[in-house]
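*Asks:*
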Amino acid sequence: MGFGSAGLTFFDPLARSLIEAGATDELKEKVLGDLIANLQGEDWDTELDSLQLFLGDPAIVRAFANNGITWED
34 MGFGSAGLTF FDPLARSLIE AGATDELKEK VLGDLIANLQ GEDWDTELDS LQLFLGDPAI
94 VRAFANNGIT WED
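For the sequence shown, position 44 matches number 77 in my numbering, and the numbering has no gaps at all.
(1) How is the alpha helix (DSSP H) around E53 delimited, first residue to last?
(2) Whose C-alpha, out of L86, F43, A92 and D82, is nearest the C-alpha of T57?
(3) When the Cα atoms are used, what is the spatial distance from A48 to L65?
(4) Check whether the Cβ atoms of L41 and L51 sit closer than 8 Å, and answer yes or no.
(5) What are the start and end residues of the alpha helix (DSSP H) that includes I102?
(6) Which residues in the same chain as L72 place their Cβ atom closer than 6 Å to its Cβ, once the five residues preceding and following it in sequence are excluded?
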């Protein structure tokens, strides 16, 4: 069974906070990339739901892509 609430509980709020705080792309990519890797280690299975929310932010999209998660239209 996967870790479905990880996006709502951890990833999405942190990503929003980084955006609201004006974090650099480098910081967003590093911090969120590390978080994505850790959540995947815990069997995160709703990554695409979170990725979809942040498709407009290239740094966040790169953080996902660096962990093998990409959006296919």
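C-beta atoms are modelled at their ideal positions from N, C-alpha and C, and glycine is treated no differently.
*Replies:* Quick look at the numbers:
(1) Taken as a continuous stretch (DSSP letters only), the alpha helix (DSSP H) holding E53 covers D45 to E53.
(2) A92
(3) 7 Å
(4) no
(5) No alpha helix (DSSP H) contains I102, which DSSP labels as neither H nor E.
(6) So the list reads A39, once near-sequence residues are dropped.
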